[in-house]
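Take 40 as the starting number for the sequence shown in our numbering and just add one per residue. Backbone N, C-alpha and C fix where the C-beta goes; we use that ideal spot for every residue, glycine too. Shown next, in structure tokens, is the structure this report addresses.
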Amino acid sequence: MHTELVSEPGDPARPNEDFAAAALPASGQGGVVVVLDGVTPPRDGTGCLHSVPWFVAHLGGALTELTVSLTDVPLAEALSRAIARTAQSHSATCDLSHPRTPQATVVMARWGAETVEYLVLSDSALLVESPDGAVTAVLDDRLSRLPRSALATDTLVDATVRNREGGFFTAAADPTVAERAVTGVLPRHEVRALAALTDGATRWVEKFHEGTWEDCFRLVRKEGARALVERVRSLENGDTERKFLRRSKTHDDATIVYAEL
Numbered sequence: 040m041h042t043e044l045v046s047e048p049g050d051p052a053r054p055n056e057d058f059a060a061a062a063l064p065a066s067g068q069g070g071v072v073v074v075l076d077g078v079t080p081p082r083d084g085t086g087c088l089h090s091v092p093w094f095v096a097h098l099g100g101a102l103t104e105l106t107v108s109l110t111d112v113p114l115a116e117a118l119s120r121a122i123a124r125t126a127q128s129h130s131a132t133c134d135l136s137h138p139r140t141p142q143a144t145v146v147m148a149r150w151g152a153e154t155v156e157y158l159v160l161s162d163s164a165l166l167v168e169s170p171d172g173a174v175t176a177v178l179d180d181r182l183s184r185l186p187r188s189a190l191a192t193d194t195l196v197d198a199t200v201r202n203r204e205g206g207f208f209t210a211a212a213d214p215t216v217a218e219r220a221v222t223g224v225l226p227r228h229e230v231r232a233l234a235a236l237t238d239g240a241t242r243w244v245e246k247f248h249e250g251t252w253e254d255c256f257r258l259v260r261k262e263g264a265r266a267l268v269e270r271v272r273s274l275e276n277g278d279t280e281r282k283f284l285r286r287s288k289t290h291d292d293a294t295i296v297y298a299e300l
């Protein structure tokens, strides 16, 4: 297996709220990719004593351990267990019912000799390349399908669509959210390589419209994950009139894990 991992904070003065891991089981058979994008907290707090980086480190660490050590446990079950473990670690000190308790998007992939499993929750992406070069984007597009009016303010989002039916879901403190993830299993021989990207990296496709998902994957394969991040940063810096970014932050944490199976 060949892997490449790049993670760059949107602001060097702030902690990176993404998490990424690529792991091999002790048997040497197969592998695992885990990518989380922590949700930047509001200024008026989250009801939690801990930071988003603390949360993604604990959740990501639990996910990496569980997906590698318990290969017979489906990814959604592994996510449910990891959320429960992380919640238990700070339930005595924090208000986990707060709508902005620390939370994250999730992308996971795990492969063995026969199959490739995947899971996507919220607006990060998994790109899967087949042996003939075709690229399929596995997306949880519930957030992007919401009308802009539903996302007008943080207060409105938290009250009406965050982790609610008809809205979108993230990994926070409720283990049952794992049931909402986009999941699937592919035959191993149908997958040549894959890439997991947080939305700071998918901006190249989704905000700046520089190419298709297939173009994005080929860029990472040919020039490397770092090249994609650099192109995104250049586009962000050039969007001085906010034609593409609009109300979004100028720079976001950008993480890419590329793996050739």
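Considering Cα atoms alone, identify which of 247, 292 and 168 is closest to residue 233.
Comparing Cα-Cα distances from residue 233 to each of 247, 292 and 168, the minimum goes to 168.
Same chain, Cβ closer than 6 Å to residue 289, five either side skipped, listed in chain order:
275
When burial is assigned at 16 or more other CB atoms within 10 Å of the CB, is residue 134 buried or exposed?
exposed
According to DSSP, what are the bridge partners of residue 99?
Looking at the DSSP assignment, residue 99 forms no beta bridge with any residue, so it has no partner.
Bridge partners - residue 57, DSSP secondary structure assignment:
76
Mind listing, in chain order, the continuous beta strand (DSSP E) runs of no fewer than 3 residues lying wholly within the region 122-176?
143-150, 154-160 and 164-168
Between the CA atoms of residue 281 and residue 112 - distance to the nearest angstrom
45 Å
Can you give me the C-alpha to C-alpha distance between residue 293 and residue 66, rounded to a whole angstrom?
31 Å
Those residues which DSSP pairs with residue 41 across a bridge:
Its beta-bridge partners are 299.
Figure out for me which residue from 273, 43 and 225 has the closest Cα to the Cα of residue 72.
43
Report yes or no: do three or more beta-carbon pairs, one from the region 207-223 and one from the region 234-242, lie closer than 8 Å?
no
Measuring straight from C-alpha to C-alpha, what distance separates residue 283 and residue 188?
18 Å
Under 8 Å between C-beta atoms of residue 88 and residue 147:
no
What does the Cβ neighbour count give for residue 246, buried or exposed, with the cut at 16 atoms within 10 Å?
buried
Integer Cβ distance of residue 75 from residue 145, believed to fall under 8 Å
Yes, they are in contact, since the Cβ atoms of residue 75 and residue 145 sit about 6 Å apart, within 8 Å.
Are there three or more Cβ pairs, one per stretch, closer than 8 Å when the region 177-194 is compared with the region 90-107?
no
Is it buried or exposed, residue 69, if we count other Cβ atoms within 10 angstroms and call 16 or more buried?
buried
Does DSSP classify residue 301 as helix, strand or coil?
There is no way to answer for residue 301, as the model of the chain reaches only from 40 to 300.
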